[in-house]
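J.:
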Amino acid sequence: MPHRLLQPARPATLRLAFAPNAASSRAVAEAIRVFLAEQGVPEKELFSYELCIAEASNNAIEYAIGPGRDLQPVAEALFTPDQIELRVTDHTAGFVLPDRIAPPSPLGDRGRGLFIIQSVMDEVRYLRGTRENILIMRKRRRANLAPAAAPKPETASGLSLEESQRQLTESKSARASLAGELSFRSETLGAIFRCCAELGRSDALSSDFGKRLLVDLFHLTTADWCVLRLLSPDNRTLVVAAASESEMASEPLALPLAGEPPHGIEATAAATQTAARFDLSEESHRTEPLRSIGPNATGLVCPLVFGGSLVGTIAVGRRDGDFPLGKLQDEVVRIFAEFLAIQTVNLRHHKAEVRQRVVTRELEIAQEIQHLLLPRTLPQLESFGLAGGWQSAREVGGDFYDALAVGDRSLFLMVADVMGKGVPAALFAATMRGLLRGLAARSDDPAKILSGLNRLLYAELSAVNMFITAQVVHVDLVTRQITAASAGHCPPLYVPPGRHTVVAMPTHGLPIGVMPNTNYVSETAFLGEPATLLLHTDGLTDTRNPAGKLFGQKRLMGWLSANAIAGHSAAELRDRLTTELNRFRGSAAMDDDQAFLLLTEAHVDASPSADTGHPRLQFQSGSFLLPANA
Amino acid sequence: MNISEIAELTAMNSASFRDEVHAALPGAPSVIEIDLSQTRFVDSSGLGALFALYRATAERNGVVLRLLNPRPEIQQLLELTQMQQLFEIVQR
Numbered sequence: 001m002p003h004r005l006l007q008p009a010r011p012a013t014l015r016l017a018f019a020p021n022a023a024s025s026r027a028v029a030e031a032i033r034v035f036l037a038e039q040g041v042p043e044k045e046l047f048s049y050e051l052c053i054a055e056a057s058n059n060a061i062e063y064a065i066g067p068g069r070d071l072q073p074v075a076e077a078l079f080t081p082d083q084i085e086l087r088v089t090d091h092t093a094g095f096v097l098p099d100r101i102a103p104p105s106p107l108g109d110r111g112r113g114l115f116i117i118q119s120v121m122d123e124v125r126y127l128r129g130t131r132e133n134i135l136i137m138r139k140r141r142r143a144n145l146a147p148a149a150a151p152k153p154e155t156a157s158g159l160s161l162e163e164s165q166r167q168l169t170e171s172k173s174a175r176a177s178l179a180g181e182l183s184f185r186s187e188t189l190g191a192i193f194r195c196c197a198e199l200g201r202s203d204a205l206s207s208d209f210g211k212r213l214l215v216d217l218f219h220l221t222t223a224d225w226c227v228l229r230l231l232s233p234d235n236r237t238l239v240v241a242a243a244s245e246s247e248m249a250s251e252p253l254a255l256p257l258a259g260e261p262p263h264g265i266e267a268t269a270a271a272t273q274t275a276a277r278f279d280l281s282e283e284s285h286r287t288e289p290l291r292s293i294g295p296n297a298t299g300l301v302c303p304l305v306f307g308g309s310l311v312g313t314i315a316v317g318r319r320d321g322d323f324p325l326g327k328l329q330d331e332v333v334r335i336f337a338e339f340l341a342i343q344t345v346n347l348r349h350h351k352a353e354v355r356q357r358v359v360t361r362e363l364e365i366a367q368e369i370q371h372l373l374l375p376r377t378l379p380q381l382e383s384f385g386l387a388g389g390w391q392s393a394r395e396v397g398g399d400f401y402d403a404l405a406v407g408d409r410s411l412f413l414m415v416a417d418v419m420g421k422g423v424p425a426a427l428f429a430a431t432m433r434g435l436l437r438g439l440a441a442r443s444d445d446p447a448k449i450l451s452g453l454n455r456l457l458y459a460e461l462s463a464v465n466m467f468i469t470a471q472v473v474h475v476d477l478v479t480r481q482i483t484a485a486s487a488g489h490c491p492p493l494y495v496p497p498g499r500h501t502v503v504a505m506p507t508h509g510l511p512i513g514v515m516p517n518t519n520y521v522s523e524t525a526f527l528g529e530p531a532t533l534l535l536h537t538d539g540l541t542d543t544r545n546p547a548g549k550l551f552g553q554k555r556l557m558g559w560l561s562a563n564a565i566a567g568h569s570a571a572e573l574r575d576r577l578t579t580e581l582n583r584f585r586g587s588a589a590m591d592d593d594q595a596f597l598l599l600t601e602a603h604v605d606a607s608p609s610a611d612t613g614h615p616r617l618q619f620q621s622g623s624f625l626l627p628a629n630a
Numbered sequence: 631m632n633i634s635e636i637a638e639l640t641a642m643n644s645a646s647f648r649d650e651v652h653a654a655l656p657g658a659p660s661v662i663e664i665d666l667s668q669t670r671f672v673d674s675s676g677l678g679a680l681f682a683l684y685r686a687t688a689e690r691n692g693v694v695l696r697l698l699n700p701r702p703e704i705q706q707l708l709e710l711t712q713m714q715q716l717f718e719i720v721q722r
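Protein sequence lines correspond, in order, to chains W and E. Per this note's numbering, residue 1 is the first one in the first sequence, and the count goes up by one each step. Per this note's numbering, residue 631 is the first one in the second sequence, and the count goes up by one each step.
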């Protein structure tokens, strides 16, 4: 390599390892002075070099630690005409060499050595190793600078030892900084994953979630305060969702109306959807709401934006203005803001979905209960027929009916309307049905049964402001006597003996759940032949046609009178009534539930019971009397 | 009190220099002169010894500390480390 030929010979070098004591150190400094003098360095310069070697050697001895105290420090001098380089290798823990050491106070007793070296030499470097460190001190010699680009002493690779070490150190430091940044980013990711998991477990931005977020943000950004605000449902204010200090959980922050300028850093960031760094010590922030943090706080406000829509803001920073957040911390806050915006929106969707699911599930449950309420089969009678009809205006209605055989010659019939809807109404209906069965076993009197139901259900019903209207009828199939009592319900309709028209039983009483001790009164009547009895809820009479006209009791009685004598079976009559109600309603919406129970006596002349006068009840599991909706 | 014929003031002898000066202090000298004309070399340990002397006398009002005839490079060192503020430096 031709250019090498132009290089001067290797520098004149003196290398001295010395015993770690003051006398050896002193001797080494003197020896180097002599060596440099021999190289022709003028007397006036020698003092500086001797001083630097002395200072460096003394430090090497004074600060040696552990086994390093027994190791020999090394002092070197490398002389070329244009530069003198001095090196001292120590076995200390090493130190961080500042770019420039401030002049020590004359009243202090430390720090003079390095200050002197830096003052005297042109360039000072400190290479730190694992077991040894090298202090390199360089002085360029002006008198000999003339041959420009004077080559440095080189190793075989073409780089000086010092240059190689410097590059090594720099690459190590670059690697360390890269590793630091990587670990920082992985911590950020980790924190975000933790937040995701947290959000997956909870269905709200709970205070726990807020705390977790703050811990992670604080850890990552070394911030000391943080406020997370979320946009209120009416989009007018920013409400504190989490804050590092309780005093920061201030009033909601109003967003500016259209055309108004925003007030405050957070409102501005929200209104402009732009992140902003701030320093509260600046004059322009005198009336800043964030000043509750401290007059010198600094930080960053990031809007939480998703799909172009504002979700909230996050403000993070430090109280002490001397230590503002760095670039990396800044980035973390922005990443967090982006992540939080997505999560918040996801969460809201999730909550709405959950709410919808809960409502749907509740309706499903109520419907299941209601289907259980309506009897699958009605008692099968030898000469009488029973059929129930049911239609609901909503997903879940509060109307139901039941029929119960008592002994071998009588029946209890009930139609009821629970004022309310959903699961609670269905539960009351279920309870009432159970109670009716219990009470019916103990008494034939519908009034006593209603009184009993009221006594048992009053507390629960009144607690939730609900009540139940009901009609209970006892039918003696042998004597044809009907006994009825009403709890605020419409009257049973029947055809009396020797008549062809339907009449209403004059029953009266308060609904169940209105007064704690209600005494009901039973009315009695007899069924004509063939028997026709209709128990119904007011959903039938309240049915309206598109013109708004009520079906009404009179029309119902008229229809029943006209159809009862035609000799239809109970099921046929039920279907006809349902058809008639729907025909009348036409295109009008169904306002109310409908439930009814029909007792008929189809072929009275052909009935075998006519011979004995004692109709027998048969309990079959036949299905021809299923409710209309089944 | 006059201290002279100091060849050098370094980590090697700063301790003995300190002892020598301290031994003389109980005599309550009003002026302490340190002759540096023979002093060829001073390092930061030597400066430390001079500083210790300043501190020991600072409590005694009226004691004058005087450094006599330092060589140019040593005077530069005293100026660099601002020690000249503590001592009266005199060339005779």
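The beta carbon of each residue, even a glycine, is placed where N, CA and C say it ideally should be. Source: prediction; values computed, not measured.
1. Between the Cα of Ala429(W) and those of Gln83(W), Phe400(W) and Ile342(W), spot the shortest distance and give me the residue it belongs to.
2. Ile482(W) to Arg574(W), Cα distance in whole Å?
3. Does Pro700(E) get closer than 9 Å to chain W when you measure Cβ to Cβ?
4. So what's His536(W) in DSSP terms, helix, strand or just coil?
5. The beta strand (DSSP E) that contains Met557(W), what's its start and end?
6. If I'm right that Met432(W) touches Leu411(W) with Cβ under 8 Å, what's the distance once you round it to whole angstroms?
7. Measure the beta-carbon distance from Pro73(W) to Ala60(W) and round it to whole angstroms, keeping in mind my assumption that it falls under 8 Å.
8. Taking contact to mean at least 3 C-beta pairs separated by less than 8 Å, is the segment 566-573 of chain W in contact with the segment 498-507 of chain W?
9. Let me see if you follow: with CB-CB separation under 9 Å, is Phe671(E) close to chain W or not?
10. Would a C-beta distance cut-off of 9 Å place Thr541(W) and Leu550(W) closer than the cut-off?
11. CB Ala485(W) to CB Ile449(W), shorter than 9 Å?
12. Just mark Met515(W) as buried or exposed, buried being the case when its beta carbon has 16 or more other beta carbons within 10 Å.
13. Taking all protein chains shown into account, decide if Val301(W) is buried (16 or more other Cβ within 10 angstroms of its Cβ) or exposed.
14. If the cut is a Cβ gap below 9 Å, which residues of chain E does Ser250(W) touch?
15. Can you name the residues of chain E whose CB is closer than 7 Å to the CB of Ala22(W)?
16. Measure the alpha-carbon distance for Thr711(E) versus Arg100(W) and round it to whole angstroms.
17. Taking only beta-carbon positions, decide if Glu718(E) is within less than 9 Å of chain W.
18. Quick one: residues in its chain with C-beta nearer than 7 Å to the C-beta of Val345(W), no 5 flanking neighbours on either side, listed in chain order?
19. Could you check which residue in Phe278(W), Val472(W), Ala525(W) and Leu363(W) has the C-alpha nearest to that of Gly326(W)?
20. Where do the N-terminal and C-terminal ends of the alpha helix (DSSP H) with His652(E) fall, by residue?
21. So what does Ile719(E) bridge to, in DSSP terms?
22. Alpha carbon to alpha carbon, how far is Asp408(W) from Ala547(W)?
23. Would you report the Cα separation of Leu304(W) and Ala366(W), rounded to the nearest angstrom?
24. What residue range is occupied by the uninterrupted beta strand (DSSP E) comprising Cys52(W)?
25. With DSSP as the reference, please indicate the residues paired to His474(W) in a beta bridge.
26. Counting along the chain, where does the alpha helix (DSSP H) carrying Pro702(E) start and finish?
27. So, do the segment 664-673 of chain E and the segment 694-707 of chain E have three or more beta carbon pairs nearer to each other than 8 Å?
28. Let's see if you can read the secondary structure: which residues bound the beta strand (DSSP E) around Val96(W)?
29. Please name the residue in Glu362(W), Leu556(W), Ala487(W) and Leu493(W) whose C-alpha comes closest to that of Ser522(W).
30. To which residues of the same chain is Ala269(W) closer than 6 Å at the C-beta, ignoring the five residues directly before and after it?
31. How big is the Cα-Cα spacing for Phe467(W) and Asn517(W)?
32. How many angstroms separate the CA atom of Ala337(W) from the CA atom of Met137(W)?
33. Go ahead and label Gln83(W) buried or exposed: buried means 16 or more other beta carbons lie within 10 angstroms of its beta carbon, across all protein chains shown.
34. Is it buried or exposed, Thr360(W), if we count other Cβ atoms within 10 angstroms and call 16 or more buried?
35. By a C-beta neighbour count over all protein chains shown, 10 Å radius and 16 as the cutoff for buried, is Asn235(W) buried or exposed?
36. Between Glu38(W) and chain E, is there a C-beta pair that is closer than 9 Å?
T.: This is what the structure gives:
1. As a first step, residue 429(W) is located in the first sequence; it is residue number 429 there, counting from the start. With distances taken between Cα atoms, Ala429(W) lies closest to Phe400(W).
2. Working through the first sequence from its first residue, we reach residue 482(W) at position 482. Working through the first sequence from its first residue, we reach residue 574(W) at position 574. Spanning the two alpha carbons is a distance of roughly 20 Å.
3. Walking along the second sequence from the start, residue 700(E) turns up at place 70. Chain W, which has no Cβ nearer than 9 Å to the Cβ of Pro700(E), makes this no.
4. Start at 1 with the first residue of the first sequence, and residue 536(W) comes out as number 536. Here His536(W) sits in strand by DSSP.
5. The count along the first sequence starts at 1 and reaches residue 557(W) at position 557. Premise fails: Met557(W) lies in the alpha helix (DSSP H), Gly552 to Ala564, not in any beta strand (DSSP E).
6. To locate residue 432(W), count along the first sequence from 1; it is residue 432. To locate residue 411(W), count along the first sequence from 1; it is residue 411. Actually they are not in contact, since the Cβ atoms of Met432(W) and Leu411(W) sit about 18 Å apart, beyond 8 Å.
7. Within the first sequence, numbered from 1, the residue matching residue 73(W) stands at position 73. Within the first sequence, numbered from 1, the residue matching residue 60(W) stands at position 60. That belief holds up - the Cβ atoms of Pro73(W) and Ala60(W) are roughly 4 Å apart, short of 8 Å.
8. no
9. The count along the second sequence starts at 1 and reaches residue 671(E) at position 41. Chain W contact via Cβ: present.
10. Residue mapping note: residue 541(W) aligns to position 541 of the first sequence, counting from 1. Residue mapping note: residue 550(W) aligns to position 550 of the first sequence, counting from 1. Yes; because the gap between Cβ atoms is below 9 Å, this pair is in contact.
11. Residue 485(W) sits at position 485 when you count from the first residue of the first sequence. Residue 449(W) sits at position 449 when you count from the first residue of the first sequence. Going by C-beta atoms, Ala485(W) is nearer than 9 Å to Ile449(W).
12. On the first sequence, position 515 is the one that residue 515(W) refers to. Met515(W) should be labelled exposed.
13. Against the first sequence, residue 301(W) aligns to sequence position 301. Label assigned to Val301(W): buried.
14. Taking the first residue of the first sequence as 1, we reach residue 250(W) at position 250. In chain order: nothing, as chain E lies at least about 53 Å away.
15. Counting from one through the first sequence, the residue named residue 22(W) turns up at place 22. Simply Ala641 and Met642.
16. Here residue 711(E) is taken as the residue at index 81 of the second sequence, counted from 1. Here residue 100(W) is taken as the residue at index 100 of the first sequence, counted from 1. In a straight line, the C-alpha of Thr711(E) is about 15 Å away from that of Arg100(W).
17. Along the second sequence, read from residue 1 onward, the residue named residue 718(E) stands at position 88. Not one chain W Cβ lies under 9 Å of Glu718(E).
18. Locating residue 345(W) in the first sequence gives position 345, counting from the first residue. Excluding sequence neighbours, Val345(W) sits near Phe306 and Val311.
19. Indexing the first sequence from 1 puts residue 326(W) at position 326. Considering only alpha carbons, the answer is Phe278(W).
20. Taking the second sequence and counting its residues from 1, the one referred to as residue 652(E) is at position 22. Looking at the DSSP string, the run of the alpha helix (DSSP H) that includes His652(E) is Ser644 to Ala654.
21. Position 89 of the second sequence, counted from the start, is the residue given in the question as residue 719(E). For Ile719(E), which the question treats as bridged, DSSP gives the partners Leu697(E).
22. Taking the first residue of the first sequence as position 1, residue 408(W) is located at position 408. Taking the first residue of the first sequence as position 1, residue 547(W) is located at position 547. Rounded to whole angstroms, Asp408(W) to Ala547(W) spans 48 Å at the Cα level.
23. Within the first sequence, numbered from 1, the residue matching residue 304(W) stands at position 304. Within the first sequence, numbered from 1, the residue matching residue 366(W) stands at position 366. Approximately 41 Å, taken between the alpha carbons.
24. As a position in the first sequence, residue 52(W) is number 52, starting the count at 1. Run containing Cys52(W): none in the beta strand (DSSP E); it sits in the alpha helix (DSSP H), Glu43 to Glu62.
25. Position 474 of the first sequence, counted from the start, is the residue given in the question as residue 474(W). Paired residue(s): Phe412(W) and Thr483(W).
26. The residue you call residue 702(E) lines up with position 72 of the second sequence. Per DSSP, Pro702(E) belongs to the alpha helix (DSSP H) from Pro702 to Leu710.
27. yes
28. Position 96 of the first sequence, counted from the start, is the residue given in the question as residue 96(W). Segment: none, Val96(W) is in no beta strand (DSSP E) and carries neither H nor E.
29. Counting from 1 along the first sequence, the entry for residue 522(W) is found at position 522. Among Glu362(W), Leu556(W), Ala487(W) and Leu493(W), the Cα nearest to that of Ser522(W) is on Ala487(W).
30. As a position in the first sequence, residue 269(W) is number 269, starting the count at 1. The answer, listed in chain order, is Ala276, Val301, Pro303 and Thr313.
31. The residue given as residue 467(W) occupies position 467 in the first sequence. The residue given as residue 517(W) occupies position 517 in the first sequence. Taking the straight line joining both Cα atoms gives about 14 Å.
32. Your numbering for residue 337(W) matches position 337 in the first sequence. Your numbering for residue 137(W) matches position 137 in the first sequence. Roughly 50 Å between the two C-alpha positions.
33. The residue given as residue 83(W) occupies position 83 in the first sequence. Buried, because 16 or more other Cβ atoms sit within 10 Å of the Cβ of Gln83(W).
34. Counted from its first residue, the first sequence places residue 360(W) at position 360. Thr360(W) comes out exposed.
35. What you label residue 235(W) is simply residue 235 of the first sequence in a count that begins at 1. Label assigned to Asn235(W): exposed.
36. Residue mapping note: residue 38(W) aligns to position 38 of the first sequence, counting from 1. No, its Cβ sits nowhere closer than 9 Å to a Cβ of chain E.
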